[in-house]
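Numbering (this note's numbering), first residue to last: 105 to 374. Where is the CB? At the ideal position from N, CA and C, for every residue including glycine.
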DNA sequence: CACTCTACCTGTGCGC
DNA sequence: TGCGCACAGGTAGAGT
């Protein structure tokens, strides 16, 4: 599933490759599934048509596309979340749409920005300012500093798995990187945050930072034939019943809070 | 505040 | 072969 590293990879691909989305004018907007637009479909079409994409930002798993109206010099922002199965690509406009294509921006230079999503969980919506969204989120997991992490953890009494998945604590971690972070930190997913020693808290920060930074460089996770083309090797996610790469014990998969959770019971004792 | 449950979706893979 | 079903999971929102 696209988490922070995969979303960052999408952002880099759209903005730093050739051709780039930056500077492209929106000729028209196609909405193939109304429900992927949060809010009024017509206002999204009317607002974006004729604008030029100036910039793309990311915070956690959210992307924000800045569009400039060339006449009135006003800006509009399109927010986007890929959820589990959403994919974005900049393609030649004549490239055939998929049965899962949900939303398309037809651009100048014969290009199109396509949003495909089999499960149609992903969403796009207009915001006046990305802060409407980011204010509700914690710091971006790639950028959060140790001091901020320690301060935010202070006073919380939460299970570590749940805490890492909480986007208002730190933004960008999903199920894969939560499990990978806890494995690297040698901490059990059900451990309570307020019970951690200073040494364990620092281990958790180091693991989070290390996992996310490495996964960004690798352009995402490498999950057994599934999804993204990234090369970050997972140690526990999706490896229930297989041997722990550190100690050889069997990796456990259990459901904690409606979530498949993978961990090594020997390396990560409770 | 911390946690749980449900709804939103559909492709996949299993057992029968 | 085909059917039914559990499962995958991010987030919002309601409830405990």
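Taking the alpha carbon of residue 167 as the point to measure from, which residue in 174, 173, 159 has its own alpha carbon closest?
The sequence position of residue 167 within the first chain is 63, counting from 1. Comparing alpha carbon positions, the residue from 174, 173, 159 closest to residue 167 is 159.
How far does the alpha helix (DSSP H) with residue 132 in it extend, from its first residue to its last?
Within the first chain, numbered from 1, the residue matching residue 132 stands at position 28. Looking at the DSSP string, residue 132 is not in any alpha helix (DSSP H); the run it does join, the beta strand (DSSP E), is 130-135.
Spatial neighbours of residue 360 within its chain, please: CB distance less than 7 Å, with the 5 preceding and 5 following residues excluded, ordered by chain position.
Reading the first chain from its first residue, position 256 is the one you call residue 360. 265, 293, 294, listed in sequence order.
Going by the CB atoms, is the gap between residue 342 and residue 244 shorter than 8 Å?
The count along the first chain starts at 1 and reaches residue 244 at position 140. The count along the first chain starts at 1 and reaches residue 342 at position 238. Contact flag unset, no.
Let's test the definition: count the other Cβ atoms within 10 Å of the Cβ of residue 366 and tell me whether it reaches 16, buried, or not, exposed.
Translated into the one-based positions of the first chain, residue 366 becomes position 262. By the 10 Å Cβ count, residue 366 comes out buried.
In chain order, what residues of the same chain lie with their CB nearer than 7 Å to the CB of residue 107, ignoring the 5 residues before and after it?
Counted from its first residue, the first chain places residue 107 at position 3. Excluding residues within five positions, the ones whose Cβ falls inside 7 Å are 165, 276, 277, 278, 280, 281.
By Cβ distance below 6 Å, which residues in the same chain neighbour residue 242 in space, the five residues on each side in sequence not counted?
Along the first chain, read from residue 1 onward, the residue named residue 242 stands at position 138. Once the five neighbours on either side are set aside, the close Cβ partners of residue 242 are 272, 273, 274, 275.
Would residue 210 and residue 197 be called neighbours here (beta carbons separated by less than 8 Å)?
In the first chain, residue 210 corresponds to position 106, counting from 1. In the first chain, residue 197 corresponds to position 93, counting from 1. Residue 210 places its beta carbon less than 8 Å from that of residue 197.
Mapping the DSSP letters down to three states, classify residue 308 as helix, strand or coil.
Position 204 of the first chain, counting from 1, holds the residue named residue 308. Of the three classes helix, strand and coil, the one that applies to residue 308 here is helix, per DSSP.
Could you check what DSSP says for residue 113 in three-state terms: helix, strand or coil?
Counting from 1 along the first chain, the entry for residue 113 is found at position 9. DSSP places residue 113 in helix when its eight states are reduced to three.
Check the DSSP bridge columns for residue 179 and list the partner residues they point to.
For the purposes of this step, residue 179 is taken as residue 75 along the first chain, with counting starting at 1. Beta-bridge pairing links residue 179 to 172.
C-beta atoms of residue 133 and residue 119 nearer than 8 Å:
To locate residue 133, count along the first chain from 1; it is residue 29. To locate residue 119, count along the first chain from 1; it is residue 15. No; because the gap between Cβ atoms is not below 8 Å, this pair is not in contact.
State the beta-bridge partners of residue 155 as determined by DSSP.
On the first chain, residue 155 is found 51 positions in, with the first residue counted as 1. 173.
How long is the line joining the alpha carbons of residue 180 and residue 304, rounded to whole angstroms?
Looking up residue 180 in the first chain gives position 76. Looking up residue 304 in the first chain gives position 200. Distance between the alpha carbons of residue 180 and residue 304 is about 44 Å.
Among 250, 148, 364, whose alpha-carbon lies nearest the alpha-carbon of residue 269?
Numbered from its first residue, the first chain carries residue 269 at position 165. Closest option to residue 269, Cα to Cα, is 364.
Hey, is residue 325 close to the ligand SAM, as in C-beta under 7 Å from one of its heavy atoms?
Summarising the ligand content, the structure contains no ligands, and the ligand SAM is consequently not present.
Under the three-state DSSP convention, the category residue 265 falls into:
By 1-based counting over the first chain, the position of residue 265 is 161. In this structure, residue 265 counts as helix in the three-state DSSP scheme.
Alpha carbon of residue 287 to alpha carbon of residue 212, nearest angstrom:
As a working note, residue 287 is residue 183 in the first chain. As a working note, residue 212 is residue 108 in the first chain. Cα-Cα distance, rounded: 47 Å.
Under the three-state reduction of DSSP, which class applies to residue 118: helix, strand or coil?
By 1-based counting over the first chain, the position of residue 118 is 14. Correct three-state label for residue 118: helix.
DSSP-derived helix/strand/coil call for residue 296
Counted from its first residue, the first chain places residue 296 at position 192. For residue 296, the three-state secondary structure derived from DSSP is strand.
From the DSSP secondary-structure annotation, give me the bridge partner or partners of residue 360.
Stepping through the first chain from its first residue, residue 360 is reached at position 256. Looking at the DSSP output, residue 360 shares a beta bridge with 363.
Alpha carbon to alpha carbon, how far is residue 148 from residue 117?
Taking the first chain and counting its residues from 1, one reaches residue 148 at position 44. Taking the first chain and counting its residues from 1, one reaches residue 117 at position 13. Roughly 24 Å between the two C-alpha positions.
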